[in-house]
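To start, the structure itself, in structure tokens.
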Amino acid sequence: MLLAWGLWLGVLTAVQAAFRSVHGPFGVHWIEAAMLGATAVACVLAGLLLWMLDSRGGSRERPRLLAGDSVATATLIAGLALALLGAGFGLWLVLIGVGVGSFGLGGLVRETLARRRHEDGQGAA
Amino acid sequence: MSTLALPARAAPLRTLASTDHKRVAVHAGAVAFLFFIAGGVLALIMRSQLAADGGVVSQDSYNQLFTMHGSTMIYLFVVPVGLAVGLYFVPLQVGAAEVAGPRVALAGLWLLLLGGITMWSGFLTSGGAAAASWWGFDPLSDSIHSPSSGMELWIFGVILATAGQMLWAGCLLTTALRRRAPGMTLMRMPVFTWSMVATCLLVLFAFPALILALVLLWAQRHFGGVLSGGLGAVDYQQLFWFYGHPVVYVMFFPFIGMVGEIVATFSGRRFFGHHAFILALLAFSGLSMTVWAHHMFTMGQATNKYFALTSTALIVPAGIEYLDLLGTLWRGKLRFNVAFLFALGFIVQFLVGGLTGIVLASPPLDYGLNMSYFVVAHFHYTIFAGSAFGLFGGLYYWFPKVTGVLLRERLGKLHFWLMALGTNLAFFPMFVLGAEGMTRRIADYPTSSGWQSLNELETAGAGLIALSVLAFLLNVVVSLRSRQPAGEDPWQGQTLEWATSSPPPRHNFDALPPIRSYAPLLDLGQAAEDAAETGAPA
Amino acid sequence: MPDTLHAYEHVRGIYFPIAIGVFAFVLAALAILLVRGARRRALPSRTSAAPRFEGGYALLLACVAALLIVVTFRTETPLDRTAAHPALRIDVIAAQWSWVFTYPNGARIADVSTWHPAPALVPAGEEIEFAGRSRDVIHGFLVPQLHFQRQLLPGYETRFDLRFDEPGRYGGECSVFCGDQHSQMHFAIEAVSPSRFARWLSEHAAGATAAGGAT
């Protein structure tokens, strides 16, 4: 399944490698090559990772529980956003953000536990 | 389907925190559309300033206006709206019950909303909103030349919104690669899903460069010494454009994917050259990662010839995509619905943007035209006359699936013709002005230049565009109020989203048809035709 | 010879007709397809690909791209080069929101945030080197009549050569958005005969500064 994906990465890397050898009169800046190279490497690594996950056998067909909503996620994001803003506007905002965010994190843990319980219950029934 | 649903909570919470990819997508689309209208209002103020030959707003206000117009349209509208449509339809098109990582998708919505509010709250500060253009180039954006807290809010807003877009891209790519229904191989994914795959690759691999650039910019503002000295300004631009060019294709692929679906459906035939189209998309996205410095030709600090080569090479994949779109019309039986009209608008008008892009990819021409209104005309032809037309096509096409009711065709045609006329009036004269040397981002121009009448024409065009958007909003309201039920499949669609109810249930499908090609529903229809022809029972 | 004007016109003369031709061709093809598709009574075609045709077409596209690239590269090479011994070298300092041109003998022309800049004179038809710097943010040195611009960076000297063949006044402006009064950041260059230029230069030698008038 990931053959196409892997191939595409190979093509991309080859394209980049081939183009790297072209030198213009204005010269290649180190950052141009570095950014392209880093992306190519990241691409290949991502492809390999997916490939490995895939060859380990799919867990694709296990039943999934659809959570209806997740207020905790929204809270977590709001907290993180506030904390980030705090970087510009002072420590107090960072602290508020972290506080709100930790509420969200706690909520997420609670949601995960609830889902586990629910799934176990379904399995037993 | 082996899926279960947890009992839902009270309505208001469910609306704001639903993890159903369809609800998240509709909310994200609505948020993005609000920003589209807000950004459009800014554009109208700018247009009145230029038509009146200055005098409507001050220079500083004008600088805030175009900065926020560009930032809003790119960071908060076109990119997120394309991903939002993907968030709704990629899981449906690959026959999945759910998007991969529904909570992550929800997080993306909140990041977009909070990022947008953060960016716009700059207008409330004493120094006004950011005024260093949507590029935020250092050193203009540093603490000496842009000391306002609006600039600071802009940095945080862009980081938040961009992070949200990366989360969505992760969800969508994982869905397309690992959540497909049995029988849905990679090469059987419809063109829209493939266009989203290409989009997500760019988002995931290019957007981190923007976040890095902005973090460095923030550090430069507060501590200094990061981007300063030597060619720090050039380094910021390298990082910025490493994001800033791929994002152009992030604002293109989803919409050509939509147009592909629309053209196939309203021609009543299989998409022509599906495999070639996908190959072209992948080649396109690969190349587009390596054309960024054509924005820097006039700096003399990049490998101009190399980037001219890669940029010009885009002719090949783009040409193949056009051939496939036209090939799909060949020997088709056409139905001229509003969605199809918008798709045609995309095909014709994007071509203008694409061809002028090739012109700008040649340094000897770019040395003259860069930073002029020629460039402004070029990218408005791609993003507005192209992508926005594709988007409206997609909205008319999929609105029945999302809401269960059809949009009005006659109001839709009014919307289309107003918008087409307005777009060309607003943006075509910019090519002329740009070639005559009118540069972008100026709040005023000398009266001796003789540019005023063309500028007035453009402003009239912008007014028509605003009217057309009002016609669209009216259409939505009218259609939702007196409902014309759409049924499962009002257009004889070919892909899986038309094989479920409108709107689809929480788990998307009760049963899937057999998937033997990239147009499973067309297969069923053709099998029925064959059976009728041979007289066998269908 | 960095003849930017003719370089631009040469490349434009090849690119624009091709672009317009392609646009017209696609438009015509689209019109035919639409008319035929609207009239069609038979069932739609079931063909889904024509790999050979598509392959050949891709090859054609690659040839067009190659042609354009050859034209571009040939024209660009002399534009990017700077002469070893230019006839004249002028230092340009851009700042928010002014231009200062300094000649080898110390003569200076300054244009501060104006729509009506005082012209800096140059000898017509000769190769002139500009060495540009910015004092603060990035600025763009644009001469629309020559179809040429180059960005000036802080802390880095950008050099480029230009030739003003036709005598007369050439307007110039900042092309890179640079803050509040970007719109008013104009300059002007006037190409005159070499003898007149020599006279003008000696009259404006070090000390005598001609400032651009504000509006």
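Protein chains in written order, with the working numbering: chain A, 1245 to 1369; chain B, 67 to 604; chain C, 3 to 217.
Using N, Cα and C, we set each Cβ at its ideal position, and we do this for glycine too.
None of the values given here were measured: they were computed from a predicted structure.
Open item on the list: Within 7 Å of any Cβ in chain B, is that where the Cβ of M1296/A sits?
Closed with: So no, M1296/A is outside the interface.
TODO: Consult DSSP for E56/C and reduce its assignment to one of helix, strand or coil.
DONE: Residue state, collapsed to three classes: helix.
Open item on the list: Looking at the secondary structure, which residues open and close the alpha helix (DSSP H) in which H341/B lies?
Closed with: 340 to 354
Task: Residues of the stretch 393 to 404 of chain B with Cβ closer than 8 Å to any Cβ of chain C, in chain order - done: G393, L395, W396, R397, G398, K399, L400, F402
- [ ] Compare the C-beta of F1270/A against all C-beta atoms of chain B and say whether one is closer than 7 Å.
- [x] The predicted model places F1270/A with a pLDDT of 47, which falls under 50 and marks its position as unreliable, so this point remains unresolved.
- [ ] Count the CB pairs spanning the stretch 229 to 239 of chain B and the stretch 184 to 192 of chain B that are closer than 8 Å, and state whether there are at least three.
- [x] no
Task: C-beta neighbour in chain B for A200/C, strict 7 Å - done: no
- [ ] For the alpha helix (DSSP H) containing Y17/C, list its first residue and its last residue.
- [x] 6 to 41
Open item on the list: Is there a C-beta anywhere in chain B that falls below 7 Å from the one on R91/C?
Closed with: no
Open item on the list: Using the Cβ count rule (16 or more neighbours within 10 Å means buried), how would you classify H288/B?
Closed with: exposed
Task: Close Cβ partners of V1353/A (< 6 Å) along its chain, the five nearest in sequence each way excluded - done: none
TODO: Just grab the DSSP bridge partners of F162/C for me.
DONE: F132/C
Task: Identified DSSP bridge partners for S173/C - done: Sequence check: residue 173/C is Gly here, not Ser. Per DSSP, A190/C.
Task: Given 8 Å, three or more beta-carbon pairs between the stretch 342 to 362 of chain B and the stretch 372 to 390 of chain B - done: yes
Task: Start and end residues, beta strand (DSSP E) containing D93/C - done: First-last of the beta strand (DSSP E) with D93/C: 90 to 97.
Task: Cβ separation of S100/C and S115/C, assumed to be a contact under 8 Å, to the nearest whole Å - done: Correct: roughly 6 Å between the Cβ atoms.
TODO: Give the DSSP-derived three-state secondary structure of G452/B in the structure shown.
DONE: G452/B: helix per DSSP, three-state reduction.
- [ ] Establish whether the CB of E78/C and some CB of chain B are separated by less than 7 Å.
- [x] yes
Open item on the list: I want to verify the contact list: residues of chain A whose CB lies under 8 Å from the CB of I225/B, in sequence order.
Closed with: L1328
Open item on the list: On the DSSP letters alone, give me the boundaries of the alpha helix (DSSP H) that G157/C sits inside.
Closed with: G157/C -> no alpha helix (DSSP H), and no H or E assigned at all.
- [ ] Give the residues from the stretch 1315 to 1343 of chain A that approach chain D closer than 9 Å (Cβ to any Cβ), ordered along the chain.
- [x] The structure shown contains no chain D; the protein chains it does contain are A, B and C.
Open item on the list: With a threshold of 7 Å on Cβ separation, who are the neighbours of A109/B within its own chain once the five nearest residues in sequence on each side are excluded?
Closed with: H135, A528
Open item on the list: Here's the rule I'm using: 16 or more other beta-carbon atoms within 10 Å means buried, otherwise exposed. How should N370/B be labelled?
Closed with: The residue in question, N370/B, is buried, as its Cβ has 16 or more Cβ neighbours within 10 Å.
Open item on the list: Let's see if you can read the secondary structure: which residues bound the alpha helix (DSSP H) around W483/B?
Closed with: Annotation: the continuous alpha helix (DSSP H) that includes W483/B extends over 475 to 501.
Open item on the list: Mapping the DSSP letters down to three states, classify P80/C as helix, strand or coil.
Closed with: helix
- [ ] Flag T1356/A as yes if its beta-carbon sits less than 7 Å from any beta-carbon of chain B, otherwise no.
- [x] no
Open item on the list: Distance cutoff 7 Å, beta carbons only. Does Q125/B sit that close to anything in chain C?
Closed with: yes
- [ ] Starting from S185/C, follow the alpha helix (DSSP H) in both directions and report where the run begins and ends.
- [x] Counting along the chain, S185/C falls outside any alpha helix (DSSP H), and DSSP gives it neither H nor E.
Task: Rounded distance between the beta-carbons of L82/B and A1318/A, thought under 8 Å - done: Right, the Cβ-Cβ distance comes to about 6 Å (below 8 Å), so this counts as a contact.
TODO: Verify whether the separation of the beta carbon atoms of I424/B and M485/B is less than 7 Å.
DONE: no
Task: Pick from A443/B, E475/B, W176/B that is closest to F494/B, judged by C-alpha positions - done: A443/B
Task: Residues that M355/B contacts on chain A, provided the C-beta gap is smaller than 7 Å - done: Residues of chain A whose Cβ lies closer than 7 Å to the Cβ of M355/B are, in chain order, T1283.
TODO: Could you pull out every residue in the same chain whose Cβ sits closer than 6 Å to the Cβ of A451/B, ignoring the five residues on either side in sequence?
DONE: Q415, T489
- [ ] List the residues of chain B that W117/C touches, going by C-beta distances under 8 Å, in chain order.
- [x] P512
TODO: Check whether the Cβ atoms of F162/C and F132/C sit closer than 7 Å, and answer yes or no.
DONE: It is a contact, given that the beta carbons lie within the stated cut-off.
- [ ] Taking G559/B and T331/B to be in contact with their CB atoms under 8 Å, please state how far apart those CB atoms are, rounded to whole angstroms.
- [x] 5 Å
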